[in-house]
Amino acid sequence: MIYPPNFEEKTGFDQIRQMLTESCISSLGRSFAEKIKFSSNFNLIQRLLEQTEEFRQILLSNENHPASNFFDPFYIFDRIKLEGTFAEPEELGEIRASLITIQDMIRFLAKKKNEEHHKYPLLKELSENIYIDPTILNETDRILDEKNQIRSNASKELSEIRRRKTELENQASRRINQLFSQAKKEGWVASDSELALRNGRLVIPVPVAFKRKMKGFVHDQSSTGQTAFLEPEEVFETNNEIRQLDLDERREIVRILKEFADFIRPSLPDLKNAYQFLGKIDLIRAKAKVAIEMDAQKPRLVNKPALKWIRAKHPLLWLSYKKQKKHVEPLNIELNEPQRIIVISGPNAGGKSVCLKTVGLLQYMLQCGLLVPMFDYSEAGVFQKLYIDIGDQQSLENDLSTYSSHLANMKYFLQNCNEKSLFLIDEFGAGTEPRIGGAIAEAILNELSEKRAFGVITTHYANLKVLAGKKEGIINGSMLFDTQQMKPLYRLKTGTPGSSFAFEIARTMGIPSPILQNAEKIAGEKHVDFDRQLQDLELKKLEVEEKEKQLKSGDSFLSEMIDKYQKLNSELEQRKNEILNEARRDAKKILADSNRMIERTIKEIREASADKEKTKKLRDELDQFTKLQQVDTHEPEAESRNQKKKKQKIISAMPVIEIEEGPIGKGDFVRIKGQETTGEVMETDQKNAMVAFGSMLIKTPLKKLEKLSRQSVKKLVKSSKVKYDFDINEKAAEFNPNLDVRGNKAEQALIKARRFVDDAVLLGVKNLKIIHGTGDGILREALRDYLKTLPEVKRARDEHPDRGGSGCTLIELDTSKK
6 MIYPPNFEEK TGFDQIRQML TESCISSLGR SFAEKIKFSS NFNLIQRLLE
56 QTEEFRQILL SNENHPASNF FDPFYIFDRI KLEGTFAEPE ELGEIRASLI
106 TIQDMIRFLA KKKNEEHHKY PLLKELSENI YIDPTILNET DRILDEKNQI
156 RSNASKELSE IRRRKTELEN QASRRINQLF SQAKKEGWVA SDSELALRNG
206 RLVIPVPVAF KRKMKGFVHD QSSTGQTAFL EPEEVFETNN EIRQLDLDER
256 REIVRILKEF ADFIRPSLPD LKNAYQFLGK IDLIRAKAKV AIEMDAQKPR
306 LVNKPALKWI RAKHPLLWLS YKKQKKHVEP LNIELNEPQR IIVISGPNAG
356 GKSVCLKTVG LLQYMLQCGL LVPMFDYSEA GVFQKLYIDI GDQQSLENDL
406 STYSSHLANM KYFLQNCNEK SLFLIDEFGA GTEPRIGGAI AEAILNELSE
456 KRAFGVITTH YANLKVLAGK KEGIINGSML FDTQQMKPLY RLKTGTPGSS
506 FAFEIARTMG IPSPILQNAE KIAGEKHVDF DRQLQDLELK KLEVEEKEKQ
556 LKSGDSFLSE MIDKYQKLNS ELEQRKNEIL NEARRDAKKI LADSNRMIER
606 TIKEIREASA DKEKTKKLRD ELDQFTKLQQ VDTHEPEAES RNQKKKKQKI
656 ISAMPVIEIE EGPIGKGDFV RIKGQETTGE VMETDQKNAM VAFGSMLIKT
706 PLKKLEKLSR QSVKKLVKSS KVKYDFDINE KAAEFNPNLD VRGNKAEQAL
756 IKARRFVDDA VLLGVKNLKI IHGTGDGILR EALRDYLKTL PEVKRARDEH
806 PDRGGSGCTL IELDTSKK
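Following this note's numbering, the numbering of the sequence shown begins with 6 at its first residue and continues without gaps.
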C-alpha cells in the first residue's frame, strides 16, 4: 500500500518507469513495464530481484543471447480467433521470427553451470511451462518463403496461376518492347525514353503530337501535358488476362491464409502463453539494462521491516551528475527495531530532502522488483506500507493550503501506520507559526513512534532534535557541513543532530555583522548557544571516534604480534619433538642392525674356525658397516642444520627476565603477562593503566601487567628485535608490491587492501599497485574511498593508460607514519 496516489511522481519513480519502457524491445515488454506495481510479498520480491540479477550477469558477461524479433502478435491472435479470418503474410513472418526467438531463448536459459545446476535457474523456471507445437513452424515454413511471401508451391492452384501469369507477362513484355523499338525508329518517341508503369501495366511514353500514330489506351499524362502514357492495343487483351490472374492469385492466397488460421486456432492459448513469456523476458532484460546504467545491484533481502544500506545513491541524481562528471555522495543509513525513526537536521541545501527521496525511491524500486544502486552486502527489508509527505501540497481543487494539506497527510498517517509501515516527511512542522508547528509535529512524531512505525523525517525544529535525543526508538541524524569552506558535504551522520549554520552562512554571504548580532539577540541566547553546542558536540564526537579508531588499530596490531609469537613458539616445539622422535627411531634402528651384524659375524667366525683370511674378511665387513652407520647418523643432522641454526638463534636470544615487586606507576616499564612486548606506563588509576606500546596507547587492567627492571627491558628489547628481524626478513622475501583483487567483492577487497598497506608500511615499501579492473567502477570507487581513510596513504591515482589506466590504482605511502 502506498500513499499518496501520486507517490511515484513525488519520488521520481515515474522517470524510472519511463527508462524501463524505453529499454524494452517490444510493445509487449513496454505493456509489462507499465503494469509494474509495488508489492509487500517477500517471496515475490526475492524472485523478481533474482531474475533481474541473472539477466544482469548475462549482459555483463556479453554472452550472446537472443535479442531480436521480440514482436507482439496479440492483435493478430485477437483477429484470427474468429472463423473466416486470416493473418497477412507479413504478419505470419513476424510470428515465425518471434517463435524462433522464443525457442532460442528457452534453449539459452536451459544452459547448465555444471551437471547438477542450471546457469540461470530463476529465468529457466519461467520457460518450463512454455509449449510451441513444432508443426506450426513447419507449416509456416511450408507456405512462406524467406521474404515472407506465399510460396508458389503452397497449393497446386497457386502454382498454376503464377505459371500462366509469368507466361503472359513475358509475352506482353516482348511485344511491347518490339512496338517501343519500332516507335523510336519512326521518331514517334524520344530515343532516350524508357517504358513506364501505370496502373500495373507497361506503357509507352509518347509525345502528345504523335499519340495518334499508335493505337492504344492512354492511361495517364505527364504533369506538363506534353507526354501521353499509352498502352498499345496489341497487348491490351493480354494485360487484361494478367489482371484477372492477379485477382485469382489473391483469392487463392487468402484461401491458403484462412486455412493456416484454422490450423493454428486451437493452439492460440499456448501461443499466447509463449508470448507472455517473451514479454516478461523483455521486461527483465530492460530491468537488467537499466540496473547496469544506474550501477544497481541486488542487496541482501530480509523478511522484516528494516534497512541497512551501504553507499546507496539516488539513481536519477547519479545519472545526471555522471553526465556532468560530478560526484554524488553515497548514503549510509540504517533503520531497525532499536532505531526505527531518524530525525535529519542540518543546513538548507545540505542534502536532507535528497536523502529522504533516496530512501523513498530506492525502497519503492526494491519492492517493485528492481535492483537498486547500493553495495550488494547491504540489507534491505520489506514494508507493507509506504507513505510520503514532501513538496508543495497546496490543493486548489479542495481549497487546502500547503499546511492544511500537510495536516491531512498526517491524519492519514496516524490512522493507517503500523509496525510494518515506512513514512517519509520532509520539513516536518513547517508551513505555519514555528512554535505551534513544532509542538504539533512533536506530538505527531510521538504517536507515530508509539505505533512502532519506521520513518525518516527532515526538520529544522530544535524540539524535534531534543525529542530524538531522549526518546527510545528515535535517533538524530545530521547532514555534515564543512565549517572551514562553509559548504555542505551532503553526507549523513547518525547519532547527533545537525546545526542549521544559518548565522555562519549569512555571514559568508555578506550580511553585515551588526544585523547578524541583532538577529542573535532576537533569536535568544539559549537558541544560539544550543546551535553552537550542537557544532561543538559534533567536533568532540569526531575526535572520540578518531581515538577509538587508533585504539582499535593498536589492539589489532598487538593481537597480531601475540598470534605470531604463539605460532612461532608452537612451530619450534613441534619441530623439536619431530627431531627427537626421528633421532630415537634412527637410534633404535642402528642398534638393532648393529646387534644383528655382530651376531652374524661371531657366528661365521666360529664356523670358519681357524681360517685367518675368512676371519679378517668378516672383521673388515663389520668395520665398513660401522662407518656406514656413522654416515647415516650424521645425515639427518645435516638436513636439519638450517632449522637448528634458526632455532638456536632465537632460543639463545631469549633473556632471563627479572620481575620487580611493588606497585606499578607512571614511567615504569611493563609487559603483558605471558608476552614479551614491553611498554611504558603513561598514567594509571585504581584498576587500569594507559600503556604506550611503541606509537600505540593501550588501556590494560593492572592485574594483567608485570613490572620489569631496566636491565630486563634492555634484554627483552634485544630479544624481540632478533625475532622481529627474523619475521621481517621472511615477510620481505615473500612481499609482492602488486595486489590483484579482480573478482573479489568490495568487502573482501578492502580487507586485503588493509593488510597489503600494513605489510608495505612495515617493510618500508613506498609504492604499491592494486589491480581491480574497470567493470562498472564499483570496486575502484570503494577502494579509493577506503584508501582516503588511511593516514599512511599519501596519494592514490590511476595507472598510465598503457599499463591499465583506471583498472589499476597506484598508491604512494608515507612510511614515516608506520
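For glycine and all other residues, C-beta sits at the position ideal for the given N, C-alpha and C.
Predicted, not measured: the structure shown is a model, and the values here were computed from it.
Taking only three categories from DSSP, how would you classify residue i?
i	result
G780	coil
K390	strand
V696	strand
D591	helix
M687	strand
V798	strand
D197	coil
G500	coil
N69	coil
V259	helix
G396	coil
A435	coil
E93	coil
Here's the rule: buried if 16 or more other CB atoms are within 10 angstroms of the residue's CB, otherwise exposed. What is residue i?
i	result
F222	exposed
Q579	exposed
Q368	buried
R440	exposed
Q372	buried
L87	exposed
Y125	buried
E432	buried
D146	exposed
H805	exposed
N485	Here residue 485 turns out to be Leu, not Asn, going by the sequence shown. When all chains shown are included, L485 counts as buried.
L585	exposed
K671	exposed
How many Å lie between residue i and residue j at the Cα?
i	j	result
K830	E55	Residue coverage of the chain in this structure runs from 6 to 823, which leaves residue 830 outside it and unanswerable.
H70	M6	37 Å
K651	E587	Note on K651: pLDDT 49, under 50, position unreliable in the model; the coordinate value appears next. For K651 and E587, the distance between alpha carbons rounds to 19 Å.
F740	L427	51 Å
G230	K189	20 Å
D781	E133	33 Å
F76	Q51	29 Å
R217	L184	14 Å
D120	A751	Reading off the sequence, residue 120 comes out as Glu, not Asp. Using only the alpha carbons, I get a separation of about 30 Å.
Y495	P517	28 Å
L450	G442	12 Å
S196	N245	28 Å
F79	S31	12 Å
C813	R747	10 Å
S28	K476	47 Å
I655	M687	Caution applies to I655, whose pLDDT of 46 falls short of 50 and renders its modelled position unreliable; the value that the coordinates give is listed next. C-alpha separation (whole angstroms): 31 Å.
K581	S575	10 Å
K263	N204	28 Å
R589	L577	18 Å
R255	L207	21 Å
F508	Y408	27 Å
Using a threshold of 7 Å, state whether the C-beta atoms of residue i and residue j are closer than that.
i	j	result
K318	P378	yes
G482	I289	no
L429	E452	no
F879	L131	A question about residue 879 goes unanswered here, because the residues of the chain that appear run from 6 up to 823.
V766	E797	yes
P210	F234	yes
I166	D253	yes
E447	N468	yes
D381	Q302	yes
L149	L97	yes
I677	K704	no
E711	A697	no
Would you call the segment 331 to 345 and the segment 42 to 56 in contact, with 3 or more CB pairs under 8 Å? no
Touch check for the segment 7 to 14 and the segment 255 to 275: three-plus C-beta pairs under 8 Å? no
Could you tell me whether the segment 271 to 280 touches the segment 348 to 366, using the rule of 3 or more Cβ pairs below 8 Å? no
Does the segment 133 to 147 touch the segment 107 to 117, meaning 3 or more C-beta pairs lie closer than 8 Å? yes
Decide if the segment 303 to 315 is in contact with the segment 351 to 358; the criterion is three or more beta carbon pairs, one per stretch, under 8 Å apart. no
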